[in-house]
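Going by this note's numbering, 71 is the number at position 71 of the sequence shown; the sequence numbering is gapless.
Encoded as structure tokens, the structure appears first; notes follow it.
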Amino acid sequence: MDKLIINGPCKLSGEVKVSSSKNASLPILAATILYPGNIKFKNLPKLSDINFFLQILESLGANTSKDNEFTEIAAGSITETKADYELVRKMRASVLVLGPLLSRFGKAQVSLPGGCAIGTRPVDIHLIGMEELGAKIEIDKGYINATCDELIGASIHLSFPSVGATENIMMAAAFAKGETIIENAACEPEIDDLANFMNACGFEVSGAGTSTIKIQGKKLSEFKSENTINYEVIGDRIEAATYIIAGLMTDSNITVSNFNPQHLKDVLKVLKSMGAKFEIDKRSVEVYPSGKLQGAKVETQPYPGFPTDVQAQLMALMGVSNGYSIISEKIFENRFMHVPELVRMGMDIELDGHYAFIHGVDQISAAPVMCTDLRASAALVLSALVISGETIVNRIYHLDRGYENLELKLKALGANIERVKE
Ligand code: EPU
1 MDKLIINGPC KLSGEVKVSS SKNASLPILA ATILYPGNIK FKNLPKLSDI
51 NFFLQILESL GANTSKDNEF TEIAAGSITE TKADYELVRK MRASVLVLGP
101 LLSRFGKAQV SLPGGCAIGT RPVDIHLIGM EELGAKIEID KGYINATCDE
151 LIGASIHLSF PSVGATENIM MAAAFAKGET IIENAACEPE IDDLANFMNA
201 CGFEVSGAGT STIKIQGKKL SEFKSENTIN YEVIGDRIEA ATYIIAGLMT
251 DSNITVSNFN PQHLKDVLKV LKSMGAKFEI DKRSVEVYPS GKLQGAKVET
301 QPYPGFPTDV QAQLMALMGV SNGYSIISEK IFENRFMHVP ELVRMGMDIE
351 LDGHYAFIHG VDQISAAPVM CTDLRASAAL VLSALVISGE TIVNRIYHLD
401 RGYENLELKL KALGANIERV KE
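The following block contains the structure:
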């Protein structure tokens, strides 16, 4: 298993360009199942989760090819409607093939994803939505078996604005008869990008980015298999937030570019309240040396609230800021796996249920640490950048799932960081 060796303290400078968003790319890859023609993506992020999703599409019968810049997918050749346990168990987002398979073929069999490091993560809201469209759902031997004679548009009120459920139901509704309305839908920018992609393919989705999304059902016969759609996924707001926090923790002047800062409104508001200095441009944020920041009180929430995917990185920043901070994690019940590792580095953090109480310390120190999930791993790397001496971050395959070339990007900014292959 590869590890990172970071020699701090590091001062960063220059510009870092974020990659296309992982969490927008995955549902969009699932949506390719709906389209019988060819799709040509520019700059899909080079991540293990993306490679893995392409394998799932291939296992269903899609043809895929890629070079350094473009990835092409032709899903017209899909005939298989079962997504096997061996594939699904490696990545929860694979459950997103359920909606598009059901919509296009009238049936889908997808292994029920298990829990994961950050929470139990059930898919009940996805399944209720599909039932409301007329699907018959059975759980048998660990598989979700979904079938229907015909899906019929419906008004669906989500009990919680789940990102994945909103996406799965949007895709299931693509070939449903008539109009589907999703109420209390998730509003994340990644949902908006999925809608933009579907519309680029010729589907009719409106309202994405708000809590009411409407989908007008289409017929498969309206789509031509000889057409090619070109698409580029939005910049990764979570990767951008991670580098912005890296700049602040190392008291550096860096520019984080290739994303829409509006997608980080709440994160930037919180950072500003802590004393961060930065300038927002259309497609970038320039971070200025801001000295020691102050503590803050933050609660993770569905978009446009503070994203759970930036919680671990923010906690690392709070751990070396002045004063006292509180984080309340409201989205996932077990997303504090980074805390024991941050404490091993010398941070003063106490947990009580979904609250973390953080007393900023003046100095943290090198310790071997272990990644437990994607964003937890990012928090460890950020902390290592400010530590005097050598920190070894183990099990970085978690980072490879969601950060393209993390160590190369940090190195280009001036960090002393090396990947050791084992
Ligand atoms: N939930 C249910 N039932 C459902 C669906 C969700 O109870 O049917 C609960 C979950 O257990 C969780 C909460 O609702 O407690 C939020 O889950 P949601 O469905 O919104 O999240 P997701 O679609 O599983 C996506 C991202 C996550 C990100 C969350 C929240 C992808 C591939 N994943 O997950 O990203 O944390 O939205 O914004 O888009 C990451 O990138 O590190 C990551 C975990």
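We treat Cβ as the ideally placed atom computed from N, Cα and C, and that holds for glycine.
Note that the coordinates shown come from a computational prediction; the quantities given were computed from them, not determined experimentally.
Checklist entry - Exposed or buried, N68, counting other C-beta atoms within 10 Å across all chains shown (16 or more means buried)? => result As a first step, residue 68 is located in the sequence shown; it is residue number 68 there, counting from the start. By the C-beta density criterion, N68 is exposed, having fewer than 16 other C-beta atoms within 10 angstroms.
Next on the checklist: Under 8 Å: does the beta carbon of G323 sit that close to some heavy atom of ligand 1?
Outcome noted: Stepping through the sequence shown from its first residue, residue 323 is reached at position 323. G323: no, Cβ never under 8 Å from ligand 1.
Checklist entry - Relative to the alpha-carbon of G414, which residue among N230, L385, I392 has its alpha-carbon at the smallest distance? => result Stepping through the sequence shown from its first residue, residue 414 is reached at position 414. When each option's Cα is compared against that of G414, the closest is L385.
Checklist entry - Whole-angstrom Cβ separation of I73 and I39, contact assumed at under 8 Å? => result Here residue 73 is taken as the residue at index 73 of the sequence shown, counted from 1. Here residue 39 is taken as the residue at index 39 of the sequence shown, counted from 1. The pair is a contact, with the Cβ atoms about 5 Å apart (cut-off 8 Å).
Checklist entry - DSSP state of Q301, grouped into three classes? => result Within the sequence shown, the letter at position 301 stands for residue 301. Q301: coil per DSSP, three-state reduction.
Checklist entry - Roughly how many angstroms separate the alpha carbons of I139 and Q262, rounded to a whole number? => result Position 139 of the sequence shown holds residue 139. Position 262 of the sequence shown holds residue 262. If I take the Cα positions, the gap works out to 41 Å.
Item to check | Whole runs of the beta strand (DSSP E) within the stretch 129 to 157, excluding any shorter than 3 residues | outcome: As summarised for the stretch 129 to 157, the continuous beta strand (DSSP E) elements at least 3 residues long and confined to that stretch are 136 to 140, 143 to 147, 155 to 157, given in chain order.
Item to check | Option in L220, S19, L374 with minimal Cα separation from I396 | outcome: Position 396 of the sequence shown, counting from 1, holds the residue named residue 396. Out of L220, S19, L374, L374 has the C-alpha closest to the C-alpha of I396.
Next on the checklist: Rounded to whole angstroms, what is the Cα-Cα separation between R419 and A186?
Outcome noted: Numbered from 1 along the sequence shown, position 419 holds the residue referred to as residue 419. Numbered from 1 along the sequence shown, position 186 holds the residue referred to as residue 186. Approximately 37 Å, taken between the alpha carbons.
Checklist entry - DSSP beta-bridge partners for K409? => result Locating residue 409 in the sequence shown gives position 409, counting from the first residue. Bridge pairing for K409: absent [DSSP].
Checklist entry - Who pairs with T210 in a beta bridge, going by DSSP? => result Here residue 210 refers to the residue found at position 210 when the sequence shown is read from its first residue. For T210, which the question treats as bridged, DSSP gives the partners A208.
Item to check | Buried or exposed (CB count within 10 angstroms, at least 16 for buried), E407 | outcome: The residue given as residue 407 occupies position 407 in the sequence shown. E407 is buried by the Cβ-count criterion.
Checklist entry - Tell me which same chain residues have a C-beta within less than 6 Å of the C-beta of E350, skipping the five on either side of it? => result The residue you call residue 350 lines up with position 350 of the sequence shown. For E350, where only same-chain residues beyond five positions count, the Cβ hits under 6 Å are F357.
Checklist entry - What separation, rounded to the nearest whole angstrom, lies between the Cα atoms of F105 and D49? => result Numbered from 1 along the sequence shown, position 105 holds the residue referred to as residue 105. Numbered from 1 along the sequence shown, position 49 holds the residue referred to as residue 49. Each residue's Cα considered, the two are about 25 Å apart.
Checklist entry - Considering D348, what are the terminal residues of the beta strand (DSSP E) in which it resides? => result Counting from one through the sequence shown, the residue named residue 348 turns up at place 348. Per DSSP, D348 belongs to the beta strand (DSSP E) from 348 to 352.
Item to check | Residue from I387, S328, R335 whose Cα sits closest to the Cα of M347 | outcome: Working through the sequence shown from its first residue, we reach residue 347 at position 347. The candidate whose alpha carbon is nearest that of M347 is I387.
Checklist entry - At a cut-off of 8 Å, is G295 close to ligand 1 when judged by its beta-carbon and the heavy atoms of the ligand? => result Position 295 of the sequence shown holds residue 295. G295 has its Cβ no nearer than 8 Å to any heavy atom of ligand 1.
Checklist entry - How would you write the range of the beta strand (DSSP E) that F70 sits in, first residue to last? => result For the purposes of this step, residue 70 is identified with residue 70 of the sequence shown, where counting begins at 1. Membership of F70 in the beta strand (DSSP E) is indicated by the continuous run 70 to 74.
Next on the checklist: Suppose the cutoff is 6 Å on Cβ atoms and the five residues either side in sequence are ignored; what does the same chain contact list for K297 look like?
Outcome noted: If you number the sequence shown from 1, residue 297 lands on position 297. Cβ within range, chain order: I326.
Next on the checklist: Under 8 Å: does the beta carbon of K22 sit that close to some heavy atom of ligand 2?
Outcome noted: Among the ligands modelled here, namely ligand 1, ligand 2 does not occur.
Item to check | Boundaries (first-last residue) of the beta strand (DSSP E) holding L4 | outcome: Here residue 4 refers to the residue found at position 4 of the sequence shown. For L4, the enclosing beta strand (DSSP E) has its first and last residue at 3 to 8.
Item to check | T79 (DSSP reduced to helix, strand or coil) | outcome: Position 79 of the sequence shown, counted from the start, is the residue given in the question as residue 79. The answer is coil: DSSP assigns T79 none of H, G, I, E or B.
Item to check | Closest by C-alpha distance to T79, when choosing among K90, S94, A62 | outcome: If you number the sequence shown from 1, residue 79 lands on position 79. Selected option, being the one with the closest Cα: A62.
Checklist entry - Just reading off the beta strand (DSSP E) that A356 is part of, what are its end residues? => result Here residue 356 corresponds to residue number 356 of the sequence shown, with the count starting at 1. From DSSP, the beta strand (DSSP E) with A356 extends over 355 to 359.
Checklist entry - K214: which of T242, Y243, N184, F223 sits nearest, CA to CA? => result As a position in the sequence shown, residue 214 is number 214, starting the count at 1. Residue N184 is the option with its Cα nearest to K214.
Item to check | Contact test: S162 Cβ vs ligand 1 heavy atom, cutoff 8 Å | outcome: Counting from one through the sequence shown, the residue named residue 162 turns up at place 162. Yes, the Cβ of S162 comes within 8 Å of a heavy atom of ligand 1.
Checklist entry - Taking buried to mean at least 16 other C-beta atoms within 10 Å of its own C-beta, is T255 buried or exposed? => result As a position in the sequence shown, residue 255 is number 255, starting the count at 1. T255 should be labelled buried.
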